[in-house]
Amino acid sequence: MMDSEGLSAYPLPLLVDVVNRVLPDAIDRALKDAGYTDVTRAHGAVFDALDPGGSRITEMAARMRITKQAMGELCAALEQRGYLQRRPDPADGRAKLVALTAKGEQLVDVARGALRDLDEQWIDHLGGAEARALRSSLTKLVRRFAAEHLR
Numbered sequence: 002m003m004d005s006e007g008l009s010a011y012p013l014p015l016l017v018d019v020v021n022r023v024l025p026d027a028i029d030r031a032l033k034d035a036g037y038t039d040v041t042r043a044h045g046a047v048f049d050a051l052d053p054g055g056s057r058i059t060e061m062a063a064r065m066r067i068t069k070q071a072m073g074e075l076c077a078a079l080e081q082r083g084y085l086q087r088r089p090d091p092a093d094g095r096a097k098l099v100a101l102t103a104k105g106e107q108l109v110d111v112a113r114g115a116l117r118d119l120d121e122q123w124i125d126h127l128g129g130a131e132a133r134a135l136r137s138s139l140t141k142l143v144r145r146f147a148a149e150h151l152r
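Using the working numbering, the first residue of the sequence shown is number 2, and each one after it goes up by one.
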């Protein structure tokens with residue numbers, strides 16, 4: 002492991018990118034521990050892009066910056082495994098929405114639990130004041146540089 006002096010020389014965006022890998026790792030572990038062995042990290046793009054009421058594949062692909070075909074393949078695999086369903090879009094009968102099934106909702110609940118656990122671990126590690134300062138700084142960065150990614 003690199004010493005803290007070496008890490009302090011890293012550019013901030015690179016540090017954020019490195020820390021960004023911790024959440025998918027935690028979610029992967031939680032899902033595997035809960036018995037979800039048929040879902041891969043690549044499938045996470047589907048769950049990240051999916052709105053609570055369902056989404057069109059084209060919208061999901063654009064959000065995740067992947068092709069419509071790739072998103073369609075990921076959704077088809079998850080639909081075959083019982084995590085997703087397709088249904089008519091009430092706003093346009095010709096279009097289909099992808100939505101979670103009950104099984105998919107359970108999987109998402111496990112992932113959200115992993116997120117809550119990681120949040121608690123970080124707050125415990127940093128302490129309340131430092132965690133609040135980090136949240137404030139990250140919020141400012143998101144508002145300034147990443148607002149288009151919020152839903």
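Every residue, glycine too, gets a C-beta built ideally from N, C-alpha and C.
Length of the line joining the Cα atoms of residue i and residue j
{"i": "GLU60", "j": "LEU135", "result": "31 angstroms"}
{"i": "ASP49", "j": "ALA10", "result": "32 angstroms"}
{"i": "VAL19", "j": "PRO12", "result": "11 angstroms"}
{"i": "GLY105", "j": "HIS150", "result": "23 angstroms"}
{"i": "LEU85", "j": "VAL40", "result": "12 angstroms"}
{"i": "ALA78", "j": "THR140", "result": "35 angstroms"}
{"i": "LEU108", "j": "ARG42", "result": "13 angstroms"}
{"i": "LEU98", "j": "GLY73", "result": "12 angstroms"}
{"i": "ARG152", "j": "GLY7", "result": "36 angstroms"}
Burial state of residue i, where buried means 16 or more other Cβ atoms lie within 10 Å
{"i": "SER56", "result": "buried"}
{"i": "HIS44", "result": "buried"}
{"i": "ALA115", "result": "buried"}
{"i": "ALA31", "result": "buried"}
Proximity to residue i [Cα-Cα], best of the options
{"i": "ASN21", "options": "ALA132, GLU131, LEU119", "result": "LEU119"}
{"i": "ARG66", "options": "GLN81, LEU98, GLY83, VAL47", "result": "VAL47"}
{"i": "VAL111", "options": "ARG88, ALA35, PRO25, GLY128", "result": "ALA35"}
{"i": "PRO53", "options": "VAL23, ALA100, ARG145", "result": "ALA100"}
Beta-bridge pairing of residue i - partner residues as DSSP gives them
{"i": "PRO89", "result": "LYS97"}
{"i": "SER56", "result": "VAL99"}
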